[in-house]
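*Asks:* Positions in the sequence shown are counted from 1; adding 1 to them yields our numbering.
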Amino acid sequence: MKKTIRTLAAAMTLFAVAALPIVAQSDAHAVLRSRDGVVVVWNESDAHFTIEIPGKTILPSNVGGLAMLVDGWHLQVVVSDPSEYGQGLLGGELLWSHAKWEAEHWSTLAGVKMKPSPIAAEGSLPPEFRLWEIRWPDDATKERKIKSKTDLFSSTLVGDRIVALNLTVMEDQDEALAQKLLAHLSATLYRRAGMIPIAEVQQALENEG
């Protein structure tokens with residue numbers, strides 16, 4: 002069974018940021034409205050972290066799961082259990098094992114062979130992250146009229162989980178800018194040693210607003 006976590010909870014739905022102070026929440030995870038956009042709070046196993054996602058317009062994505070449209074960019078936060086694909090691996094090797102596993106997952110869903118490709122990250126990407134992409138083959142893009150150029154990923158290890166930020170680059174969007182945006186989002190990931198109290202984070206955000 003796939004252990005990649007693509008949802009906050011099975012029944013949760015993301016709402017437009019302007020609608021509610023709490024965009025989506027479960028007992029252990031939440032997407033909370035902030036002054037500048039939303040804040041993701043994640044508690045699972047030994048993985049506890051927050052990510053700040055700034056944006057003037059943040060809307061739900063039809064992809065489902067922890068995915069959203071942020072000022073026209075499609076962003077997804079993927080949290081996965083490396084015990085499924087990375088036994089005995091550490092550091093960069095473990096992150097690359099996840100990249101290959103993710104590409105195989107995409108290949109199965111799309112029925113098209115895909116491979117991950119590493120990208121030389123700019124200095125703005127935190128050193129504990131790895132930048133890579135999954136790009137549709139040219140023939141499949143033309144045949145299926147795919148509008149996306151590539152999917153960029155920035156992945157890192159948090160506790161006993163791998164966290165990957167996935168930004169889809171459409172044909173009318175700039176890849177260099179997408180890399181900068183992904184680096185900025187990666188830099189907002191803040192690790193915690195233990196359970197993050199969602200109510201306290203929510204109260205702090207409301208006080209800032």
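Even glycine gets a Cβ: it sits at the ideal position worked out from N, Cα and C. Being a predicted model, the structure only gives us computed values, none of them experimental.
Going by C-alpha to C-alpha distance, which of Leu178, Glu201, Asp152 sits closest to Gln77?
*Replies:* The option with the nearest alpha carbon to Gln77 is Asp152.
*Asks:* Is Glu94 buried or exposed, if buried means 16 or more other CB atoms sit within 10 Å of its CB?
*Replies:* Flag for Glu94 reads exposed.
*Asks:* Looking at the unbroken beta strand (DSSP E) that takes in Ala91, where does it start and where does it end?
*Replies:* Rather than Ala, the amino acid found at residue 91 in this sequence is Leu. No beta strand (DSSP E) holds Leu91; DSSP gives it neither H nor E.
*Asks:* Leaving out the 5 sequence neighbours to the left and right, which residues in its chain are closer than 6 angstroms to Pro22 when beta-carbon positions are compared?
*Replies:* Only weak support exists for where Pro22 lies, its pLDDT of 43 falling under 50; the value from the coordinates is given anyway. The residues are Arg34.
*Asks:* DSSP three-state label for Arg192, please.
*Replies:* Note: Arg192 maps to strand in three-state DSSP.
*Asks:* In chain order, what residues of the same chain have a beta carbon less than 8 angstroms from the beta carbon of Glu144, not counting five sequence neighbours either side?
*Replies:* Once the five neighbours on either side are set aside, Glu144 has no close Cβ partner at all.
*Asks:* How many angstroms separate the CA atom of Met115 from the CA atom of Phe50?
*Replies:* Rounded to the nearest angstrom, the two C-alpha atoms are 30 angstroms apart.
*Asks:* Keeping to the same chain, check which residues put their C-beta closer than 6 angstroms to that of Ala11; ignore five residues upstream and five downstream.
*Replies:* Confidence is the limiting factor: at Ala11 the pLDDT is only 32, short of 50, which leaves the residue's position unreliable and the question unanswerable from this model.
*Asks:* Within 10 angstroms of the Cβ of Asn44, are there 16 or more other Cβ atoms? Answer buried if so, exposed if not.
*Replies:* Per the 10 Å Cβ criterion, buried.
*Asks:* Going residue by residue through the region 37-95, where are the continuous beta strand (DSSP E) segments of at least 3 residues, counting only ones entirely within it?
*Replies:* Here the runs fully enclosed are 38-45, 48-55, 59-61, 68-71, 74-81.
*Asks:* In terms of residues, what are the limits of the beta strand (DSSP E) holding Ala122?
*Replies:* Taken as a continuous stretch (DSSP letters only), Ala122 belongs to no beta strand (DSSP E), as it is neither H nor E.
*Asks:* Kindly list the residues whose CB is nearer than 6 angstroms to the CB of Ala188, restricted to its own chain and excluding five residues on each side of it in sequence; keep chain order.
*Replies:* Excluding residues within five positions, the ones whose Cβ falls inside 6 angstroms are Pro127.
*Asks:* Can you find a C-beta in chain D that's less than 7 angstroms from the C-beta of Ala205?
*Replies:* Here chain D cannot be found, since the structure has a single protein chain.
*Asks:* Take Trp133 and list the residues in its own chain whose beta-carbon comes closer than 7 angstroms to its own, dropping the five residues that flank it on each side.
*Replies:* The residues are Ala100, Pro117, Ser118, Pro119, Ile120, Phe154.
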